[in-house]
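Residue numbers (my numbering): 13 to 170.
We treat Cβ as the ideally placed atom computed from N, Cα and C, and that holds for glycine.
Predicted, not measured: the structure shown is a model, and the values here were computed from it.
Heads up: the structure comes next, in structure tokens.
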Amino acid sequence: MKNAKLAVSFLLFSIFTLFSCSPKKLESRDFEITKADGEKVSINAEIADTYDTRQWGFMERKSIPDGTGMIFVFASDRILSFWMKNTPTPLSIAYIDKSGKIRDIFDMKPYSLSEVVSTVSVRYALEVPQGWFDRVGVKVGDIISGVDELSAKDETGR
């Protein structure tokens, strides 16, 4: 009987832990990227604006539809570094400064622990399915509007 109670307690603890670690549905919104030639491209991005949501990101997501992404919001400008721990889907990342200008674009490999580091201090990072920036013709120097309306919701902005 004691072993049965212990097993049930362990099972309940495991279920609680699983659900408490699962990501919550993030708010998303449409953003517009203006390319150098004036053409505009839209993307719907989930907003990761807390320490926990930035840490979780796209981990464990097996599918990310084209035309969608996740924007990571930090409280201040800094050199940013991302990796792909527990992320099975190949991604591209754009590092964006506080004015919305794309400063870097890199491809990232699934499950890689190698850091992908911005070359300058930036405030935002936008992850999309790998190759999306190339497919729609978005390049370094293009401008994403609306990011200046976003702010980190935690004090540290880590």
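- In the three-state DSSP reduction, ARG147 falls in the helix class (H, G or I).
- Contact check for GLU58 and MET96: beta-carbon distance about 17 Å, past the 8 Å limit, so the pair fails to qualify.
- A check of alpha carbon separations from SER124 across ALA137, THR101, TRP144, ILE117 identifies THR101 as the nearest.
- Put simply, of GLU39, ASP166, ARG90 the residue whose alpha carbon is nearest the alpha carbon of ASP109 is ARG90.
- Bridge pairing for TYR136: VAL85, ILE108 [DSSP].
- Following the DSSP letters along the chain, one finds ARG41 inside the beta strand (DSSP E) bounded by residues 40-46.
- Remark: C-beta atoms of PHE43 and ALA164 do not approach each other more closely than 8 Å.
- C-alpha of THR99 to C-alpha of LYS74: approximately 8 Å in a straight line.
- Nearest in C-alpha terms to ILE45, of all of TYR136, PHE118, LEU92, GLY112, is GLY112.
- Taking a 10 Å sphere around the C-beta of GLY69, we find 16 or more other C-beta atoms and assign the residue as buried.
- In this structure, the beta-carbon distance from LYS47 to VAL159 does not fall below 8 Å.
- The residue among GLU72, THR65, ASP49 with its C-alpha nearest the C-alpha of PRO122 is GLU72.
- By a beta-carbon distance limit of 8 Å, ASP119 contacts SER104. Their separation comes to about 5 Å.
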